[in-house]
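These notes concern the structure reproduced below.
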Amino acid sequence: MILNKIFLVVLSFASTFFLTSFKSNINDTISDFSLLNTNNKYVSTLDYKKAKGFIVIFTCNHCPFAKLYTKRLNDLHKKYLKLNVPVLAINAMDYLIYEDESFEMMKARAKKDKFSFPYLHDKNQEVAKQFGAEHTPTAFIIWKEDAKWRIKYSGSIDDNGENPSIAVSFISKAVDELLHNKSVTEPVTESFGCRIFYREK
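Just so we're aligned, residue 143 is where the sequence shown starts under the working numbering, counting upward by one.
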């Protein structure tokens, strides 16, 4: 337990890790997007005709903090897919810099960790830019309002990366509120993660 706490403290001070919060994008609109899944087929938001919203997670292969959430993402997808709010995981890491973020490595990880949700390759980083994603893991909830997708939540998946058994799920709370036609009471939270470096055009 002590070693795990030390590990998380070290992460917070490492050069590729930082603390951030998204405060300017709640209720911004997101355009429909289509990205290549690890099954070699494209997945689009338009494929989900009955979707009320999406849980969009920007994640990657190499980030130690992102690796803590595999089971929790599978559980979220299982719980909310049947309520028409599926999980879409997106990797926008620069695979030209990080060798283990290649599409082939994404496929290997999805198979090894038995992802039940789509794991999508944002090769040109355009979708991540649209969301304003800055690091992994970062969670967004987008919701259909007036035929448009609007961001209703951004930040952390939950409040305890180290111990899922006592973690409070910000995602579940926000989705449940939206499903009951309520406003999200905590639309922005802070989260740790590995920085997404964007390539210059």
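We put the CB at the ideal spot given by N, CA and C, even for glycine.
Inset, instruction - Assign Lys-165 to one of three DSSP states: helix, strand, or coil. - result: With a pLDDT of 38 at Lys-165, under the threshold of 50, the modelled position of that residue is not reliable, and the figure given next carries that caveat. For Lys-165, the three-state secondary structure derived from DSSP is coil.
Legend entry - CA nearest to the CA of Asn-233, picked from Lys-254, Ala-208, Lys-220: Taking only the C-alpha atoms, the option nearest Asn-233 is Ala-208.
Inset, instruction - Leaving aside the five residues before and after His-284 along the sequence, list all residues of the same chain whose C-beta is less than 8 Å from its C-beta, in chain order. - result: This sequence places Ile at residue 284; His is not what is there. Excluding residues within five positions, the ones whose Cβ falls inside 8 Å are Ile-172, Gly-195, Phe-196, Val-198, Trp-291, Arg-292, Ile-293, Lys-294.
Inset, instruction - Under 8 Å by Cβ, that's how I've got Ile-299 and Arg-214 pegged, so tell me the actual separation to the nearest angstrom. - result: Taking the Cβ atoms as the reference, Ile-299 lies roughly 6 Å from Arg-214, within the contact range of under 8 Å.
Inset, instruction - Identify every run of the beta strand (DSSP E) within the segment 207-236, keeping only runs that are complete inside it and at least 3 residues long; order them along the chain. - result: Within the segment 207-236, the complete beta strand (DSSP E) runs of at least 3 residues are 229-233.
Legend entry - Which listed residue (Tyr-184, Tyr-261, Asn-203) has its alpha carbon closest to that of Ala-231: Relative to the Cα of Ala-231, the nearest Cα in the group Tyr-184, Tyr-261, Asn-203 belongs to Tyr-261.
Legend entry - Lys-294, enclosing alpha helix (DSSP H) - first and last residue: That residue, Lys-294, is in no alpha helix (DSSP H); its beta strand (DSSP E) goes 290-297.
Legend entry - Collapsed DSSP secondary structure at Asp-264 in the structure displayed: In the structure shown, Asp-264 adopts coil according to DSSP, grouped into three states.
Inset, instruction - Could you please give me the residues that DSSP links to Tyr-184 through a beta bridge? - result: As a beta-bridge residue in DSSP terms, Tyr-184 pairs with Leu-178.
Inset, instruction - Have a look at Glu-246 and Gly-274 and give me their C-alpha separation to the nearest angstrom. - result: Roughly 25 Å separates the two Cα atoms.
Legend entry - Exposure label - Leu-320; buried when at least 16 CB within 10 Å: Only buried fits Leu-320, as 16 or more other CB atoms lie within 10 angstroms of its CB.
Legend entry - Residues near Ala-252 in its chain [Cβ-Cβ closer than 7 Å; skip 5 each side]: Counting only Cβ-Cβ distances below 7 Å, and skipping sequence neighbours, we find Thr-180, Tyr-261.
Legend entry - Contacting residues, own chain, Cβ-Cβ under 7 Å from Ser-244 (five flanking each side not counted): Tyr-237.
Inset, instruction - Per DSSP, which residues does Ser-311 bridge with? Please list them. - result: DSSP lists Asp-300 as partners of Ser-311.
Inset, instruction - Use the C-beta contact count for Asp-107: other C-beta atoms within 10 angstroms, 16 or more gives buried, fewer gives exposed. - result: Any answer about residue 107 is impossible in this case: the structure gives the chain only from 143 up to 343.
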